[in-house]
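Contents: one structure, followed by commentary.
Numbering (the working numbering), first residue to last: 115 to 268.
Rendered as structure tokens:
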């Protein structure tokens with residue numbers, strides 16, 4: 115398989131979790147979560163593809179829900195670090211109006227061009243990498259989400 119024994123064990127562990135339907139344990143350290151989300155946002159803004167890859171788990175899953183009107187693009191699922199990094203690169207301009215938030219108590223990002231919420235992304239971090247990103251750009255549902263902007267004082 116051209117894998118080291120450690121890499122093979124990690125792949126086997128991920129496969130067992132998938133088969134058992136167990137989600138990865140989220141990172142407990144809120145400060146570490148913030149560092150990773152900030153690094154992801156910086157890499158997206160600067161177009162640093164390799165930096166994005168380094169922050170994403172190889173098996174990362176991105177889910178997008180644009181709602182019934184699909185004004186923000188198609189809903190769907192993207193799997194794998196390379197595909198998710200490519201998606202982030204395609205939204206580089208939107209990253210300029212994006213900032214870290216708490217989404218229902220967890221780490222996330224909100225994009226608000228011209229000060230109007232366009233999308234929110236909940237981020238799950240495990241093992242120091244992003245394992246899941248859930249993006250919502252349905253205006254109706256966006257208005258009902260509990261979001262708190264993270265400031266340097268937070």
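Beta carbons: idealized from backbone N, C-alpha and C, even for Gly.
{"Item": "Contact check, residue 236 vs residue 222 under 8 Å by CB: the rounded distance?", "Value": "5 Å"}
{"Item": "Just verifying my parser: in three-state terms, what is the DSSP assignment at residue 226?", "Value": "coil"}
{"Item": "Since residue 271 sits in a beta bridge, which residues does DSSP pair it with?", "Value": "The question about residue 271 has no answer, for the chain in this structure spans 115 to 268."}
{"Item": "Comparing alpha-carbon positions, which option in 144, 146, 153, 145 lies nearest residue 213?", "Value": "153"}
{"Item": "Assuming residue 174 and residue 234 are in contact, meaning their beta carbons sit under 8 Å apart, how far apart are those beta carbons, in whole angstroms?", "Value": "The pair is not a contact, with the Cβ atoms about 18 Å apart (cut-off 8 Å)."}
{"Item": "What is the rounded straight-line gap between the Cα of residue 252 and the Cα of residue 217?", "Value": "15 Å"}
{"Item": "Which same chain residues end up closer than 7 Å to residue 202 when comparing Cβ atoms and leaving out the 5 residues on each side of it in sequence?", "Value": "158, 166"}
{"Item": "Quick one: give me the first and last residue of the beta strand (DSSP E) that residue 246 is part of.", "Value": "243 to 250"}
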